[in-house]
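Numbered per the UniProt record's numbering, the sequence shown spans residues 1 to 100. Just so you know, even glycine gets a beta-carbon here, dropped at the ideal spot from N, CA and C. Treat the numbers as computed from the prediction; the structure is a model and nothing was measured.
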Amino acid sequence: MAVETIAHDWEFDRFDDGSQKIHTEVQLKNYSKFLEEYTSQLKGIEEALDDSIGDVWDFTLDPIALKLLPYEQSSLLELIKTDNKVLNKVVTVYAASVVR
């Protein structure tokens with residue numbers, strides 16, 4: 001009981017030195033910097049792909065073409081096996097959405 005009465009009587013002062021706000025601002029700046037860099041990388045990839053999308057294989061210039069397709073006899077569930085059950089489920093969902 002003595003501990004309970006002390007706990008009820010004890011109140012902490014709300015001391016705000018602004019460190020939480022400073023930490024939040026630093027994290028926001030880091031996150032915005034990351035997003036800017038990531039956006040520029042995605043734009044670079046998009047521009048690189050845009051240049052090659054219109055390229056079509058011309059039979060007259062290159063009469064031989066290789067079509068390489070992987071052939072797997074194992075199912076998708078057999079390929080995704082780890083000890084982590086949650087990771088298995090997440091990867092299976094993403095892999096199934098890519099296959100369709």
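- From the listed residues T24, S40 and E78, the smallest Cα separation to A95 is found for E78.
- Within the segment 14–98, complete alpha helix (DSSP H) segments of at least 4 residues are found at 19–53 and 76–79, given in chain order.
- Between V91 and I80, the CB-CB gap stays under 8 Å.
- Distance from the CA of N88 to the CA of K21, rounded to the nearest whole angstrom, comes to 39 Å.
- Per the coordinates, the alpha-carbon of I45 lies some 33 Å from the alpha-carbon of H23.
- C-alpha of D50 to C-alpha of S74: approximately 35 Å in a straight line.
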